[in-house]
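Chemist: In the working numbering, the protein residues as written are 1269 to 1728.
Glycine included, each C-beta is placed from N, C-alpha and C at the ideal position.
Since we're looking at a predicted model, the values are computed, not measured.
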């Protein structure tokens, strides 16, 4: 039965290629559809960025076995790759030098998924119908190059890179944001490389408080030291800048901890102008510049800049899944069984509970969300999580329910113990109450763990 199954995989990024490797290892046939001209297209947009996790967390086991058969030299498991190195040393060889090379369709953007002969409403006999995947060759004009193929199962690992969150604090685009798009960038532009001419000598505002924002602000501070006239403004929606500094030395991912510590030093030295509690509502042209407003466009707080970088995270694109029966958490937009495990409003530090096909399957059996897209709007995804997901999903599709249920996942601890919207150390939200004022601990449980010699975050 496994050998006769064809599995459509949407996205040829790290998790999509790992899914294909696991599907192939199970004796099934993967067909990978990638919207970009090459595998790993989204990674190529942030290849200047160093990953926070070392190689040991970024290579899938089944993918590694495919590569080993080609004589591949695996990277040092403890080294931290950049996006470019991830492509050069792992994703490109996986996509071009293993049997996966014959299973990947690039420039193939999926525009719709349904059940053959069934719309979303019709139920009787639905589970026996194959999936129908409609895609378009992106080398052709809109409306041309439309194609269709059928599959027994679908794994959507298309990611979220192409659908960034907007600048508006209410989740909508700020008023005027779309009209000002020529002076706005999203995600992590390469401000020291390809984007240097755009940002050097300019006043640049960065909106966001996650690692993408911090990394971009750190690079802009470096640009400021090199090019006179460069000014850096941090637009922070929250009230407390220190929450963005992370766990420092307590972070098991050393590169992530070091970034937070270095960023805190830049802010303390006045290299970055901080605008806390700045909840963007309007963006408008101000001559050749941008006026960014929080509150009323005329009477609220205003910041004037030449460029705006919006680093407020990403959200899943569900538009091409309108005919699939999805059951998602209404807030996080993650599968309902997964959402409580990753909810940033509630989820504290430590590990994410192992999860796989059981938590990821949808009401249309045989359809799965995987990778960062499965996390919806939650920002806490690591590649190793996606690899464990697709290992379980491939087993489930193959009918090996025992293996599908046998998921093991050990994630590096963050060193930051807080619950969404509650500052570390607040009695209401953190691990047994606040730590004492004179100790380097995020909460009472963490303080006790450190006294016992426990490394990392002592919360569970």
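1. Does DSSP put residue 1578 in a helix, in a strand, or in coil?
2. Taking the Cβ atom as the reference point for each residue, do residue 1475 and residue 1578 lie within a distance shorter than 7 Å?
3. Measure the CB-CB distance between residue 1581 and residue 1509 and report whether it falls below 7 Å.
4. When the Cα of residue 1403 is compared with those of 1299, 1571 and 1607, which residue comes out closest?
5. Let me make sure I understand the geometry here. Which of 1657, 1418, 1670 and 1673 has the alpha-carbon closest to that of residue 1284?
6. Please go through the same chain and pick out, in chain order, the residues whose beta-carbon is closer than 8 Å to the beta-carbon of residue 1312, but skip the five residues on each side of it.
7. Just the Cα atoms here: how many angstroms apart are residue 1626 and residue 1547?
8. Provide the residue span of the alpha helix (DSSP H) that contains residue 1488, from first to last.
9. From 1671, 1649 and 1650, pick the residue whose C-alpha is nearest to that of residue 1659; which is it?
10. Do you know how far the Cα of residue 1603 is from the Cα of residue 1399?
11. Determine the DSSP secondary structure at residue 1318, reduced to helix, strand or coil.
12. Using the Cα positions of residue 1328 and residue 1556, report the straight-line distance between them to the nearest angstrom.
13. Here's the rule I'm using: 16 or more other beta-carbon atoms within 10 Å means buried, otherwise exposed. How should residue 1549 be labelled?
14. Exposed or buried, residue 1462, counting other C-beta atoms within 10 Å across all chains shown (16 or more means buried)?
15. Could you tell me the distance, in whole angstroms, from the CA atom of residue 1534 to the CA atom of residue 1571?
16. In whole angstroms, what separates the C-alpha of residue 1388 from that of residue 1642?
17. Since residue 1290 is in the alpha helix (DSSP H), which residue starts that stretch and which ends it?
18. Sorted by chain position, which residues of the same chain lie with C-beta nearer than 6 Å to residue 1286's C-beta, five sequence neighbours on each side aside?
19. Around the C-beta of residue 1630, are 16 or more other C-beta atoms found within 10 angstroms, so that it is buried, or is it exposed?
20. Could you tell me whether the Cβ atoms of residue 1551 and residue 1444 are closer together than 7 Å?
21. Kindly list the residues whose CB is nearer than 6 Å to the CB of residue 1291, restricted to its own chain and excluding five residues on each side of it in sequence; keep chain order.
22. What did DSSP end up calling residue 1601 once you bin it into helix, strand or coil?
23. With contact counted as at least three CB pairs below 8 Å, one residue from each stretch, are the segment 1465-1485 and the segment 1493-1511 in contact?
24. Ends of the beta strand (DSSP E) at residue 1656?
25. Look at the alpha carbon of residue 1544 and the alpha carbon of residue 1440, and state the distance between them as a whole number of angstroms.
26. The beta strand (DSSP E) that contains residue 1274, what's its start and end?
27. Output the distance between the C-alpha atoms of residue 1408 and residue 1344, rounded to the nearest integer angstrom.
28. Hey, is the segment 1449-1467 in contact with the segment 1478-1493, meaning 3+ C-beta pairs nearer than 8 Å?
29. Relative to the C-alpha of residue 1584, which residue among 1320, 1591, 1480 and 1430 is closest?
30. From residue 1634 to residue 1503, what does the alpha carbon distance come to, in whole angstroms?
31. Determine the contact status of residue 1378 and residue 1277, defining contact as a CB-CB distance below 7 Å.
32. At the level of alpha carbons, what is the spacing between residue 1395 and residue 1624?
33. Could you tell me which of 1529, 1506 and 1595 sits nearest to residue 1483, measuring between CA atoms?
34. Where do the N-terminal and C-terminal ends of the alpha helix (DSSP H) with residue 1353 fall, by residue?
35. Give a yes or no on whether the C-beta atoms belonging to residue 1381 and residue 1592 are separated by under 7 Å.
36. Identify the continuous beta strand (DSSP E) that holds residue 1499 and give its terminal residues.
Modeler: Answer, in terms of the structure:
1. Strand at residue 1578.
2. Judged by beta-carbon spacing, residue 1578 lies within the 7 Å limit of residue 1475, meaning their Cβ atoms are closer than that value.
3. no
4. 1299
5. 1657
6. 1304, 1306, 1351 and 1355
7. Approximately 38 Å, taken between the alpha carbons.
8. 1479-1494
9. 1671
10. 20 Å
11. strand
12. 48 Å
13. buried
14. exposed
15. 20 Å
16. Across the structure, residue 1388 and residue 1642 are spaced so that their CA atoms are roughly 21 Å apart.
17. It spans 1282-1293 - the alpha helix (DSSP H) in which residue 1290 sits, taken as one unbroken run.
18. 1328, 1331, 1655 and 1658
19. buried
20. yes
21. 1275, 1298 and 1662
22. For residue 1601, the three-state secondary structure derived from DSSP is coil.
23. yes
24. Here residue 1656 belongs to no beta strand (DSSP E); instead the alpha helix (DSSP H) covers 1651-1666.
25. 20 Å
26. 1274-1278
27. Roughly 42 Å between the two C-alpha positions.
28. yes
29. 1430
30. 43 Å
31. no
32. 21 Å
33. Per the C-alpha coordinates, the member of 1529, 1506 and 1595 positioned closest to residue 1483 is 1529.
34. 1351-1354
35. Residue 1381 places its beta carbon less than 7 Å from that of residue 1592.
36. 1499-1503
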